[in-house]
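Heads up: the structure comes next, in structure tokens.
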Amino acid sequence: MIVFTMSKSTLFRYILYVTALSCCPPLIDAFSSVRILLLAPERMALLPLQMTRGKSSNLKRSRSDNLADATNDRSRRNKTPNPLSAAKDPTIPTQPKPPHDRTIDRRKSPALWRHDMEYSLPSPASCTQPSSTLPPQPPELMSPAGGWTQLLAAVSNGADAVYLGLTSYSARARACNFDPDPSLLHSSGDGQYVPPQDGPASLAHAVQYCHRHRVRVYVAFNTLVFDSELQEVERLIQQVWDCGVDAVIVQDVGVARIVMEVVEGRRRGGEGGKGLNGSCMEIHASTQQSVTCGDGVEFARERTGATRVVLGRELSLSEITQVSTTVDTEIEVFVHGALCVSYSGQCFSSEAWGGRSANRGQCAQACRLPYGLIANGELKHLSFDGIEGIMGKPNGRSLGGGAAARDEEMGYLLSPQDLCGLDQVEELVKAGVSCLKIEGRLKDASYVAATTRAYRTAIDAAWSKVMNGQSTHNGLNNKRILASPDEHVSRNDLTHVFARGQDEIYDGLTPGFFEGAKHQRLVRGRSPRHRGQHLGRVDRTQNGALIVKLDERWLGRDEAAIKRGDGIVVDRGMPQEEELGGPVYEVKWIDSKDGIISLRFGRDVERRWIENDEAVLRGKAPPTYYKNGQSYGSSVSTVMAPKGSHVWITANAEIGNRMKRLASLDPPRFQAKLFVEGRVGEPLTIKIVDTSSGVIGEANSLGMGVLEVANGPGLEGESVRKAIGTLGGSQWSASKDDIDLSSLEHGIWCPPSWIKDVRRRALQNLEEVFASVNQKSIEPAAAAKEEFSHQIVDNYLDRLRHENPEPTAEMSVSVLARSYDQVDALCKMIESNVDANGKENHFNSTVPKEIIVDFLEIDGIFAAVERVKELKKLTPNLKVAVASPRIIKPGEEGIWRTLLKSEPDAILIRSSGLLRRLVNLGCSGVSIPELIGDFSLNAANVITAYELLQSGLNRITASYDLSASAITDLGNLLGKQASQLEVVVHQHMPIFHTEHCVFARFLSGGNSYQDCGHVCTRNTIHLRDQNGKDNLVLADMGCRNTVFNSASQSGVYSIDDWKRAGINRLRIELVDESGDDAIKIVSAYMEHLSGQKTAWQVWQILENEIRDSNGRVGGVDVGSLRNNAERRSGEVSHSF
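Taking mature numbering (1 follows the signal peptide of the UniProt record, and there is no 0), I'd label the letters of the sequence shown as residues -30 to -1, 1 to 1106.
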């Protein structure tokens, strides 16, 4: 055996050397008996590289296996079970479990276990193998339509589809949205539709307009739905069908099942599809379903009938490609717009802090608020340099504990810049992505027009390049002909239209996660809002004028950096305060060489700035100036624009006007070819062919007469083409080259008016053919109004109604622990309450019946599970479960091996993909423990809970969006299955779950685990909110961060109601409590269940005695369990 110690770079070169040797069989034979061990100092792990004969792919697999063997070697030396070695036998045999060793270095990098699993996983069932063929057509471009004007802008600028929301059950409840009542189509008369100025537009009219222009319409029904709303949802879905919608975008599994039943019911009733081209309404799985892997896509297809799945925004191009090429389901990705810091569908900040559920369209954008970074118990100052004067003074906005945020500090630690995937469109096309989606249902028509046109151009260019210039827009030799086709939208235009969180380095538009984790770029921290373009910095103020030193980027350019009429804002480093700025009245060069300019904002305003300087210094804002009843200009003050302040161009008048013009353009037209035919004695015939579909509209002059021999100039090519024209005023466009006269006899004649009339009637016939397919009757079926109104929901309830819930005499308690100290403390608590015969010393409910191990790292899971299993000798009914990650990406699916190898009694399932994987493994003969669905599966109603239980779960946890009374109702509706419903009675709400790493961004200069130095292993951090509360941040094995609410949430006052509803399983979740405090919490609840403590006594312990890892008392709240009336009033009561 030969042992080498070498650096990482030397190790890499050596691996390349071994790869070269693998290509030379004689050398392999010569060295076959030599085992080479590489000692890498960075990992301190022995990596044996066994040289094998064969193809390079076999060598690659050998490295993977050897890497697992090396981990086994290391584990044996450290007396720690190896979580990575993949069992060859699918039954996964038992491995020895040595005692816990606390000296192990915790490893944050997922590279090791990702690498091990990558080459050893079986292909997911029903997934196809990666395809090497190009997609059959370019991706669909989908644009947002928050209202009628946005819809028109999307259609006019080249959208293939629009997505919009209804007046309810939309994740963008603040948008104008659309009314699904199909009768509105007829109430408006035969004239052109005029939407109401105040209120939602008609969905039926929107569908009719879009289908006329061959644009599909998708309704975003992407919120969770409560039991009390299910019948209304069924009625709305029936109306959506009647309006001819092409697809419904769904988050809630129960809603998806309702849509499936509606479509099947209508088809059984003999109704054809009313979508574009006569298609039936489809189901698209929303990004709110948090799908990030192939198994998740397949779950959505199999269990919810989804024909398309919107992937999470957090996937890289490589990961998107892996998913897209291994499933048959269509894949959709977001390419532009706002980025939520939390995984969609997994954000509970609005719910925890304001009773406003993001899963219900009521996001309060808590991620855009300022936070202080508490590292190891101390407030860390994250500051920018270069601002003088007033900028150094505290702004008075307290971040708690008496610490005030300083003006120069970065405070917006969770506010990402916006996504812009223009540069990634070609790669997405190659990946086979079916749809590129633009975010922005709360944006105006100019934004929709600009982004739609930019991505229309990018998609067409990428598709033409990928297909070597031989294809066009939709793969069927047809291309939308946009009005003003030479009008292009640049990235610079998009930064002016809307971009968030810019600074002087970054323009506010990032590739998001397309290029993988780039934490330093994603969140800059200075501001949460739109800035525009950075102009420069304030040099001084002079008689009311602002003297600005321009950025170097503006020097030497032909165009002016800023012009009269443009708007600016002065960034004083206080973005949480009202920003000061306004329209520019005058621009002058002071020093063109050094880039010094003077900006003025109107004489009257300037005079008022000077007059109010003294008032500003006393802390009063300068009064707004009004002229003729109108607010005038600017609020920039000489004092409030100190030296060094950043100056931003927030409104470029020229770009703004151009985008408004784009938003008001006519809709696009489609390519057509015309064939003019005729001979002497026959009628003139004109055929108009839509080139994309081959549909023909035809008319002739038979009613007017036949063609005659020309006495003079006959029907020559130029005169005929001139009479036909370009088909203006219709959906089609034809150039002179598109008019075929080869079948028109020479030397014949007819009045030119005949040509125009025949062309007009041919166009009319063509439009009627398209209307017959794409504009189906929007008369609601009689059956839809009565027979089907509540039938689907009633059928579900009937399955459960005959099995009334049985009140629970005894409630079992599970405790979720996040550290070995907590597990050990719980075990000692159980040991002290159980005698030698395994009987409990007091009451039957004094100890928990299950411990769930939820560790951030793989290391330690096995030892913790073994610690709990030691107690089975005393308490055979005690169970141990392990928790899975909430997010599983491509290459990480193999985490199931680690979970199963720990041999738990149950696995806490947090993603639909892992649920499908384990159920399929069970069907193939692998021994699978009980499966418990966690809150992240979002079971908010009885249909969703029922369907998830039918999917293979033994228990399901109620969604965190449910109030205590709603949980009671859910238990009652589930009947006897209420015993399979689990409720988290105590927790610190996981308010954010994010791919963005706060540790890496603000405690290191790294962008990912590869260069961050693993600072999360050496530091504890909290985010201090504006109320002075410290919210814990933890990083898991995939480097994903979870932010936990500072205050615990308790449902102790609702336990009796839940018992009466047949619910017999409660869960207590610990976070960073010490072992002693963990025992206090668990004992308090157990003693309440056994009648030894009142709910009030439990509350007092939670309120006053439990401390976090910084030693601060976080208190307790009812939180999301508050009932709806209390949420509206803002009250927090202890009774329900």
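Idealized CB from N, CA, C, for every residue including glycine.
Is the CB-CB distance between W433 and P165 below 8 Å?
No.
Cβ pair N911, L200 closer than 8 Å
L200 is positioned such that its CB atom lies closer than 8 Å to that of N911.
Quick one: grab the DSSP three-state call for D509.
Strand at D509.
In terms of residues, what are the limits of the alpha helix (DSSP H) holding I1071?
Element bounds for I1071: A1065 to N1074.
Assigned exposure category for N438 - 16 Cβ within 10 Å defines buried
Counting other Cβ atoms within 10 Å of its Cβ, N438 stays below 16 and is therefore classed as exposed.
Determine the direct distance from the alpha carbon of V835 to that of N346, and round the result to whole angstroms.
Those two C-alpha atoms are separated by around 29 Å.
Distance, I937 Cα to S1090 Cα:
When rounded, the distance between both Cα atoms is 11 Å.
At what residues does the alpha helix (DSSP H) containing A1045 begin and finish?
In the sequence on display, residue 1045 carries Gly and not Ala. That run of the alpha helix (DSSP H) goes G1045 to L1059.
Is it the case that the Cβ atoms of T778 and K1029 are separated by a distance below 8 Å?
By the CB criterion at 8 Å, T778 and K1029 fall inside the cutoff.
Short check: CB of N924 to CB of Q950, under 8 Å?
For N924 and Q950, yes; Cβs fall inside 8 Å.
In the structure shown, what three-state DSSP assignment does R628 receive?
Note: R628 maps to helix in three-state DSSP.
In terms of residue numbering, what span does the alpha helix (DSSP H) encompassing F972 cover?
Boundaries of the alpha helix (DSSP H) around F972: V968 to L973.
Have a look at the DSSP bridge pairing and note the partners of D710.
In the DSSP secondary-structure assignment, D710 is bridged to F645.
Close-in-space but distant-in-sequence residues of the same chain around K488 (CB under 6 Å, 5 per side omitted)
If you ignore the 5 residues before and after K488, its C-beta comes within less than 6 Å of the C-beta of N977, all in its own chain and listed in chain order.
In angstroms with no decimal places, state the Cα-to-Cα distance between C893 and R886.
Cα-Cα distance, rounded: 11 Å.
Does the Cβ of D75 have 16 or more other Cβ atoms within 10 Å, making it buried, or fewer, making it exposed?
Interpretation of D75 is limited by its pLDDT of 35, a score under 50 that renders its predicted location unreliable; no figure is taken from the coordinates.
Would you decide whether R47 is buried or exposed? Buried here means 16 or more other CB atoms lie within 10 Å of its CB.
Low local confidence applies: a pLDDT of 29 at R47 is under 50, so the model's placement there is unreliable, and no value is given.
Selection from L520, R450, K563 and T480 that minimises the alpha carbon distance to N462:
N462 has its Cα closest to that of T480, out of L520, R450, K563 and T480.
Look up R426 in the DSSP assignment and say whether it is helix, strand or coil.
In the displayed model, R426 falls within a helix according to three-state DSSP.
Can you tell me the Cβ-Cβ gap for E252 and I762, rounded? I've got them flagged as a contact below 8 Å.
Not really, about 18 Å apart at Cβ, beyond 8 Å.
Taking only three categories from DSSP, how would you classify V297?
Of the three classes helix, strand and coil, the one that applies to V297 here is coil, per DSSP.
Burial state of Q394 (16 or more Cβ within 10 Å)
Buried, because 16 or more other Cβ atoms sit within 10 Å of the Cβ of Q394.
Tell me where the beta strand (DSSP E) around G537 begins and ends.
G537 -> beta strand (DSSP E) spans G537 to D541.
Per DSSP, P114 is paired with what?
In the DSSP output, where bridge partners are listed per residue, P114 has Y133.
Where N681 falls, given that 16 or more other Cβ within 10 Å makes a residue buried
By the Cβ-count criterion, N681 is exposed, with fewer than 16 other Cβ atoms from all chains shown falling within 10 Å of its own Cβ.
Does DSSP put L844 in a helix, a strand or coil?
Three-state DSSP puts L844 in coil, outside helix and strand.
Tell me where the alpha helix (DSSP H) around K871 begins and ends.
It spans I865 to K871 - the alpha helix (DSSP H) in which K871 sits, taken as one unbroken run.
Can you tell me whether residue 1116 is helix, strand or coil according to DSSP?
Lying before the first or after the last residue shown, residue 1116 is absent from the chain, which here runs from -30 to 1106.
Own chain partners of E396 with C-beta closer than 6 Å, once the 5 adjacent residues on each side are dropped
The residues are A432.
Would you mind reading off the limits of the beta strand (DSSP E) that contains S568?
For S568, the uninterrupted beta strand (DSSP E) segment begins and ends at I566 to R570.
Return the chain-ordered ranges of every alpha helix (DSSP H) run that is complete within the segment 227 to 304 and spans a minimum of 4 residues.
Within the segment 227 to 304, complete alpha helix (DSSP H) segments of at least 4 residues are found at 264 to 274 and 287 to 294, given in chain order.
What is the DSSP secondary structure of N670, reduced to helix, strand or coil?
For N670, the secondary structure class from DSSP, reduced to helix, strand or coil, is strand.
Can you tell me where the beta strand (DSSP E) with I517 in it begins and where it stops?
First-last of the beta strand (DSSP E) with I517: A515 to L520.
Can you tell me which of G526, G565 and Q503 puts its alpha carbon nearest to the alpha carbon of V540?
The shortest C-alpha separation from V540 is found at Q503.
Inter-residue CB distance, D388 and L281 (contact presumed, cutoff 8 Å):
In fact, because the Cβ distance is near 18 Å, the residues do not count as touching under 8 Å.
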